[in-house]
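Undergrad: UniProt numbering numbers the first residue of the sequence shown as 434 and each following residue consecutively. Heads up, the beta-carbon is just placed ideally off N, CA and C, and yes, glycines get one too.
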Amino acid sequence: LEIESQIRHALGQGQFECWLQSKVVADGSVDGAEALVRWRRADGQLVRPDEFIPVAERLKLMIPIGIEMLQQVAQVIHQLEQAKVPQAIAVNVSPVEFLAPNFVESVKEIFTEESASLSLLTIEITESLLVSGEEQVQQRMEQLRLHGVTFSIDDFGTGYSNLVRLQRLPINELKIDRQFVQQAEGNPKHKALLDAMLSMAKALNMKSVAEGVETAEQADYLLAQGADYLQGFYYAKPEPCRSWLEQQLKAR
Ligand code: G
Ligand code: G
Ligand code: MN
Ligand code: NA
């Protein structure tokens, strides 16, 4: 079967799963998570996003896959709220998805349907969406913002952000790309950039998330420099949303 019909079949079979990777705050406690898609094939094999997202993007199949993810995330948020342990869940939304017709309406419908609060949804977008400069991007962000959705810039520092535009848009959080986190120790220039990005988040009144944290040394340094959230294998790997949720419900 060619990949296109494989992905269509997988959608019909509900083979796209939401996995969650914890985000941690200064005292080491979990506060929210990032949703990462996994494709579980009929034979049980798990396919990583790098292997199907580029194709799905090209075929616009990332739009229905993204809808699947939002539904699963809304269900997680609903359960967290029911258990009185509300936490924000971040979802990656690519430009194709964000600019799809009815994106805003779909998000609102899904969260209404699942009785989940949009104020617990964070949308991770990339700098490339902002570079596209479309009026529609700002309009959609503002509409969603009115419903409580927060926005995070993913892989910050690797694109070509228009900084003037960045501070005009309703962006709450900068996610500093893992290359800065991981190379800061050995590379003074990376360290300078990392420090500057953390300062910039503060200056713009945004939260900062450092991703790709793999060692205690990295975590200590980032916290000393004022990073608000840490994410990475040092704390937790992505895991099926069911098991992540169970731990959160048990922990409190
Ligand atoms: O989960 P993993 O570490 O393999 O993710 C690889 C890449 O795929 C990351 O850049 C991540 O942003 C992207 N990605 C993961 N899940 C999703 C998703 O649900 N939607 C979109 N658009 N991108 C995702
Ligand atoms: O682009 P985005 O930030 O959405 O990518 C998330 C990707 O980063 C996922 O594929 C996830 O598995 C991966 N990831 C998460 N934590 C770490 C980490 O500590 N080290 C490395 N190398 N990758 C990580
Ligand atoms: Mn991300
Ligand atoms: Na990222």
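How close, in whole Å, do the beta carbons of Trp472 and Pro673 come, if the pair is a contact with beta carbons under 8 Å?
TA: Contact flag wrong, Cβ pair sits at about 13 Å.
Undergrad: Just to confirm, does Asp483 get its C-beta within under 8 Å of one of the non-hydrogen atoms of ligand 3?
TA: No, the Cβ of Asp483 stays beyond 8 Å of every heavy atom of ligand 3.
Undergrad: Taking the alpha carbon of Arg578 as the reference point, which residue from Thr559, Ile543, Ser594 and Asn605 has its own alpha carbon closest?
TA: Checked all of Thr559, Ile543, Ser594 and Asn605; the closest Cα to Arg578 is Asn605.
Undergrad: Quickly, what does DSSP pair Glu490 with across the bridge? List them, please.
TA: None, per the DSSP bridge assignment.
Undergrad: In three-state DSSP terms, what is Ile498?
TA: Looking at Ile498 - three-state DSSP - the assignment turns out to be helix.
Undergrad: May I ask you to report which of helix, strand or coil DSSP gives Thr591?
TA: The answer is coil: DSSP assigns Thr591 none of H, G, I, E or B.
Undergrad: Which of the three DSSP states, helix, strand or coil, is assigned to Tyr668?
TA: Tyr668 falls in the coil class under three-state DSSP.
Undergrad: Just to confirm before moving on: does the CB-CB distance between residue 374 and Leu655 stay below 9 Å?
TA: As shown, the chain starts at 434 and ends at 685. That puts residue 374 outside it, with no answer to give.
Undergrad: If you draw a straight line from the alpha carbon of Leu553 to that of Ala523, how long is it in whole angstroms?
TA: Those two C-alpha atoms are separated by around 8 Å.
Undergrad: When burial is assigned at 16 or more other CB atoms within 10 Å of the CB, is Gln651 buried or exposed?
TA: Buried.
Undergrad: Apply the 10 Å Cβ neighbour rule to Leu479 and answer buried if 16 or more other Cβ atoms are within range, or exposed otherwise.
TA: Its Cβ having fewer than 16 others within 10 Å, Leu479 is exposed.
Undergrad: Give the straight-line distance between the Cα atoms of Gln600 and Ile486, rounded to the nearest whole angstrom.
TA: Distance between the alpha carbons of Gln600 and Ile486 is about 29 Å.
Undergrad: Short check: CB of Gln658 to CB of Gly645, under 9 Å?
TA: Taking 9 Å as the Cβ cut-off, Gln658 and Gly645 do not qualify as a contacting pair.
Undergrad: Name the one or two DSSP bridge partners that Lys608 has.
TA: For Lys608, which the question treats as bridged, DSSP gives the partners Val642.
Undergrad: So does Lys608 have its beta carbon nearer than 8 Å to some heavy atom of ligand 3?
TA: Yes, Cβ of Lys608 sits closer than 8 Å to a heavy atom of ligand 3.
Undergrad: Tell whether a beta-carbon distance below 9 Å holds between Glu567 and Asp587.
TA: No. Outside cutoff.
Undergrad: Under DSSP, the alpha helix (DSSP H) around Gln600 begins and ends at which residues?
TA: Note, Gln600: alpha helix (DSSP H), Leu596 to Arg601.
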